[in-house]
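One structure below.
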């Protein structure tokens, strides 16, 4: 009957672990390990957020350069302008010649 008391059960458990001090050390170590596990689990989302944030931060300069180049005004050089002018004049003359030929027939 004395084996069913709470104190008796606690004493038997302490004896099995090598005394009350070793039992308390075991309980402390177990709780510390459980706390570390819980802390790691709580830390995992932040590790993921940090990783993704680092990736995004690394891509931002490339994206800025891409969009700067994409929306940058194209500057026309004088050579390109002269070439375009010659082409326009040539095509206008060809169109006039074709119109004259059609009216002559």
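In the numbering used here, the protein residues as written are 2 to 106. Backbone N, C-alpha and C define an ideal beta-carbon position, used for all residues, glycine too. Remember, it's a predicted structure, so these values are computed and weren't measured experimentally.
Once the 5 residues before and after residue i are set aside, which same chain residues still bring their CB inside 7 Å of it?
| i | result |
| --- | --- |
| residue 35 | none |
| residue 76 | none |
Looking at residue i: is its Cβ nearer than 9 Å to the Cβ of residue j?
| i | j | result |
| --- | --- | --- |
| residue 14 | residue 24 | yes |
If I measure Cβ to Cβ from residue i and keep anything under 6 Å in the same chain, skipping five residues before and after, which residues do I get?
| i | result |
| --- | --- |
| residue 2 | Note on residue 2: pLDDT 47, under 50, position unreliable in the model; no value is reported. |
| residue 42 | none |
What are the start and end residues of the alpha helix (DSSP H) that includes residue i?
| i | result |
| --- | --- |
| residue 95 | 79–105 |
| residue 47 | 21–72 |
| residue 10 | 7–17 |
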